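S.K.: Sharing a structure below in structure tokens format, with a few things to ask.
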RNA sequence: GUGGCCUUGGUGAAAUGGUUAUCACUAGAGUUUGUGGCACUCUCGUUACGGGUUCGAUUCCCGUAGGCCACCCCA
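Residue numbers (the numbering used here): 1474 to 1919.
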């Protein structure tokens, strides 16, 4: 066992407060309705579009990412939480999930399933970056991946899913950018063209672009520095250098999107930071006013080479990944109301020892009937119990006291009107169900 | 990794180089124990951590950690 430093006790004998790790956050009970809202939407989409869930592990071998995302990318170069485990080998907290999905596809012989294989995932990802708005070191993504089909209609479908998803959760203004970065062959030709062009303009470039020119020329296209804009606007565009295959693929994708009535913007400057992308790439923004890369809600594209890079048979694939925190922050900003399904409608209050025992049993009985009841059986005064009922904003309070126990009855109090009825204790569940159903019906009617 | 601003109870704020750090909200306990949303009382802080300057620091300085924001890059 490695030695663990004990926290020093201060003069006051209390231990120093333990802080959260930089860039890590607790997802608190108050946040959960948002998470649940998105989770429900994702699950219903997965079901509707025929995706099966997969949960790859959070820890993976470092090679998985150096081979897939690319050694030269920032994610791999400086943002991975990697460490040596006590045994052997380098392990890494996954920075994204697509590579794991491709690995799983190979590992479990999914080539033998009817193609394409449609998978979705949900979970935490880790990148060791400096935190800022819309960026944490642990964040969550969900994603949809379709492996084993190279047809452009699949690209369009993935984009349709994400577009419809955001419509569904109440984002009416989203903006989808799409582009094609070709296959490795035509991209190679294009890259030499692009670097030749930029080299001729080298003197005009910002410092960052000079670095990009050597390191990752594709990224030159999304430089935000105003001084580079002119150079950028005149730069050769990849769509003009796509080979016939890639060009017709891209045109078909666009055609299908038109057919599905999905609005998008062709963005010749859109490139993505992971090496495995081929052909179609796209990004989703909350509105056309916020289209900087930090505000991207999600993105994806085709990755026809990935499975092969990881040692599988050549398998075309497309996918999309969505940032959940970013989506939630937009839900909040747009003040989209999300349902809070967890809050109880009933509070059970008791007075006196006998009533407490009876309440204990009643609570269990109601729970078995799937009636969500709040209580605080350790509190004795009715006043404080009703106070709590009020704070929980329940619709009804059940009141069980000495008198009711003797009479075999129970009180149902309507918390809004203050009207109370005495009912037969045995009919408690029946009455509650009746009341809750009435309420439900009136909500549906209005 | 670079830069800017910031850090006072659970939350949001206030204040001062000098005895018990103020207020509001929240939470808990209570106002003699069968009725909530009001009111009142009480309780909850070594002023992020470490060091320095000083007779004296929460206040000034430095470091560390964390937060926010921007760049790089990404979701």
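Quick reminder that beta carbons are idealized off the backbone N, C-alpha and C, glycines included. Every value quoted in this text rests on a predicted model; they were computed, and no experiment measured them.
#1: Which partner residues does residue 1599 have in the DSSP bridge list?
#2: List the endpoints of the continuous beta strand (DSSP E) containing residue 1869.
#3: Quick one, which of 1893, 1647, 1854, 1852 has its alpha-carbon nearest residue 1800's?
#4: Whole angstroms is fine: what's the gap from residue 1920's alpha carbon to residue 1674's?
#5: Can you have a look at residue 1652 and say buried or exposed, based on whether 16 or more other CB atoms are within 10 angstroms of its CB?
#6: Bridge partners for residue 1820 per DSSP, in chain order?
#7: Are the beta-carbon atoms belonging to residue 1836 and residue 1865 less than 8 Å from one another?
#8: So residue 1726 packs on residue 1604, CB below 8 Å; how close in whole Å?
#9: Using the Cα positions of residue 1485 and residue 1501, report the straight-line distance between them to the nearest angstrom.
#10: Taking all protein chains shown into account, decide if residue 1654 is buried (16 or more other Cβ within 10 angstroms of its Cβ) or exposed.
#11: So the alpha helix (DSSP H) residue 1886 belongs to, where does it begin and stop?
#12: Hey, residue 1872 and residue 1886 are a contact pair by Cβ (cut 8 Å); roughly how many whole angstroms apart?
#13: Which residue from 1785, 1510, 1682, 1509 puts its Cα closest to that of residue 1585?
#14: Report yes if the C-beta distance between residue 1617 and residue 1792 is below 8 Å; otherwise report no.
#15: Which class does residue 1521 belong to by DSSP, given the choice of helix, strand or coil?
#16: May I ask you to report which of helix, strand or coil DSSP gives residue 1767?
#17: Whole angstroms is fine: what's the gap from residue 1660's alpha carbon to residue 1748's?
#18: Go ahead and pull the three-state DSSP assignment for residue 1534.
#19: Assuming residue 1708 contacts residue 1694 (C-beta within less than 8 Å), just tell me the rounded distance between them.
#20: Assuming residue 1637 is part of the alpha helix (DSSP H), what are its boundary residues?
#21: Please determine, among 1572, 1855, 1686, 1544, the residue with the shortest C-alpha to C-alpha distance to residue 1875.
#22: Expressed to the nearest angstrom, what Euclidean distance is found between the alpha-carbon atoms of residue 1843 and residue 1883?
#23: Taking its Cβ as the centre, do 16 or more other Cβ atoms sit within 10 Å of residue 1573, making it buried, or is it exposed?
#24: By the three-class DSSP mapping on this structure, what secondary structure does residue 1790 have?
#25: Once you ignore the five residues that flank residue 1682 on each side, which residues in its own chain have a CB closer than 6 Å to its CB?
#26: CA-CA distance, residue 1587 and residue 1787?
#27: What residue ranges within the stretch 1731 to 1763 form continuous beta strand (DSSP E) runs of no fewer than 3 residues, ordered along the chain?
#28: So the alpha helix (DSSP H) residue 1857 belongs to, where does it begin and stop?
#29: Can you pull the DSSP bridge partners for residue 1895?
#30: Near residue 1679, what residues of its chain come up, given a Cβ to Cβ distance below 8 Å and the 5 sequence neighbours on each side ignored?
#31: Taking the continuous beta strand (DSSP E) assigned at residue 1651, which residues delimit it?
#32: Just to check my reading of the structure: residue 1730 and residue 1632 have Cβ atoms closer than 8 Å, yes? What is that Cβ distance to the nearest angstrom?
#33: Distance check for residue 1833 and residue 1533, CA to CA, integer angstroms please.
#34: Could you tell me if residue 1481 is buried or exposed, where buried requires 16 or more neighbouring beta carbons within 10 angstroms of its beta carbon?
#35: Nearest to residue 1547 by CA position, among 1745, 1563, 1508, is which residue?
#36: In chain order, what residues of the same chain lie with their CB nearer than 8 Å to the CB of residue 1527, ignoring the 5 residues before and after it?
M.R.: On the basis of the coordinates in this document:
#1: Within the first chain, residue 1599 is the residue found at index 126, counting from 1. DSSP, once it has assigned bridges, lists 1611 as partnering residue 1599.
#2: Taking the first residue of the first chain as 1, we reach residue 1869 at position 396. It spans 1869 to 1873 - the beta strand (DSSP E) in which residue 1869 sits, taken as one unbroken run.
#3: The residue given as residue 1800 occupies position 327 in the first chain. For the residues 1893, 1647, 1854, 1852, the minimum Cα distance to residue 1800 belongs to 1647.
#4: In the structure as shown, the chain begins at 1474 and stops at 1919. Residue 1920 is therefore absent and cannot be evaluated.
#5: Position 179 of the first chain, counted from the first residue, corresponds to residue 1652. Buried: at least 16 other Cβ atoms inside 10 Å.
#6: As a first step, residue 1820 must be located in the first chain, where it is residue number 347. Paired residue(s): 1847, 1870.
#7: Within the first chain, numbered from 1, the residue matching residue 1836 stands at position 363. Within the first chain, numbered from 1, the residue matching residue 1865 stands at position 392. The answer is no: Cβ separation not under 8 Å.
#8: Against the first chain, residue 1726 aligns to sequence position 253. Against the first chain, residue 1604 aligns to sequence position 131. Not a contact, Cβ separation roughly 35 Å.
#9: On the first chain, position 12 is the one that residue 1485 refers to. On the first chain, position 28 is the one that residue 1501 refers to. Reliability fails at residue 1485, whose pLDDT of 37 lies under 50, so the model's placement of it is uncertain and the value that follows must be treated cautiously. Answer to the nearest angstrom: the Cα atoms are 30 Å apart.
#10: For the purposes of this step, residue 1654 is identified with residue 181 of the first chain, where counting begins at 1. Counting Cβ neighbours within 10 Å, residue 1654 comes out buried, since at least 16 surround it.
#11: Taking the first residue of the first chain as position 1, residue 1886 is located at position 413. It is not in any alpha helix (DSSP H) - residue 1886 instead sits in the beta strand (DSSP E) that spans 1882 to 1887.
#12: Here residue 1872 corresponds to residue number 399 of the first chain, with the count starting at 1. Here residue 1886 corresponds to residue number 413 of the first chain, with the count starting at 1. Confirmed, about 6 Å.
#13: Along the first chain, read from residue 1 onward, the residue named residue 1585 stands at position 112. When only C-alpha atoms are compared, the closest one is 1785.
#14: Taking the first chain and counting its residues from 1, the one referred to as residue 1617 is at position 144. Taking the first chain and counting its residues from 1, the one referred to as residue 1792 is at position 319. Yes; because the gap between Cβ atoms is below 8 Å, this pair is in contact.
#15: Position 48 of the first chain, counting from 1, holds the residue named residue 1521. In the structure shown, residue 1521 sits in a helix (DSSP, three-state: H, G or I).
#16: Position 294 of the first chain, counted from the start, is the residue given in the question as residue 1767. Correct three-state label for residue 1767: helix.
#17: To locate residue 1660, count along the first chain from 1; it is residue 187. To locate residue 1748, count along the first chain from 1; it is residue 275. Approximately 12 Å, taken between the alpha carbons.
#18: Position 61 of the first chain, counted from the start, is the residue given in the question as residue 1534. DSSP places residue 1534 in strand when its eight states are reduced to three.
#19: Translated into the one-based positions of the first chain, residue 1708 becomes position 235. Translated into the one-based positions of the first chain, residue 1694 becomes position 221. Confirmed, about 7 Å.
#20: For the purposes of this step, residue 1637 is taken as the residue at position 164 of the first chain. Start and end: 1625 to 1641.
#21: Within the first chain, the letter at position 402 stands for residue 1875. Out of 1572, 1855, 1686, 1544, 1855 has the C-alpha closest to the C-alpha of residue 1875.
#22: Counting from one through the first chain, the residue named residue 1843 turns up at place 370. Counting from one through the first chain, the residue named residue 1883 turns up at place 410. Taking the straight line from one Cα to the other gives about 19 Å.
#23: What you label residue 1573 is simply residue 100 of the first chain in a count that begins at 1. With 16 or more other Cβ atoms within 10 Å, it is buried.
#24: Numbered from 1 along the first chain, position 317 holds the residue referred to as residue 1790. Reduced to three states, the DSSP call for residue 1790 is strand.
#25: Numbered from its first residue, the first chain carries residue 1682 at position 209. Cβ within range, chain order: 1693, 1696, 1701.
#26: Here residue 1587 corresponds to residue number 114 of the first chain, with the count starting at 1. Here residue 1787 corresponds to residue number 314 of the first chain, with the count starting at 1. Distance between the alpha carbons of residue 1587 and residue 1787 is about 16 Å.
#27: 1751 to 1758
#28: Within the first chain, residue 1857 is the residue found at index 384, counting from 1. That run of the alpha helix (DSSP H) goes 1855 to 1864.
#29: In the first chain, residue 1895 corresponds to position 422, counting from 1. Note: residue 1895 sits in a beta bridge opposite 1884.
#30: Here residue 1679 refers to the residue found at position 206 of the first chain. 1696, 1698, 1700, 1701, listed in sequence order.
#31: If you number the first chain from 1, residue 1651 lands on position 178. That run of the beta strand (DSSP E) goes 1648 to 1653.
#32: If you number the first chain from 1, residue 1730 lands on position 257. If you number the first chain from 1, residue 1632 lands on position 159. That pair is a contact at about 6 Å.
#33: The residue labelled residue 1533 in the question sits at position 60 within the first chain. The residue labelled residue 1833 in the question sits at position 360 within the first chain. Distance between the alpha carbons of residue 1533 and residue 1833: 47 Å.
#34: Looking up residue 1481 in the first chain gives position 8. At residue 1481 the pLDDT is 37, less than 50, meaning the model places this residue with poor confidence; the figure from the coordinates comes in the next sentence. Exposed, since its Cβ has fewer than 16 Cβ neighbours within 10 Å.
#35: For the purposes of this step, residue 1547 is taken as the residue at position 74 of the first chain. Comparing Cα positions, the closest option is 1745.
#36: Reading the first chain from its first residue, position 54 is the one you call residue 1527. So the list reads 1574, 1577, 1592, 1593, 1594, once near-sequence residues are dropped.
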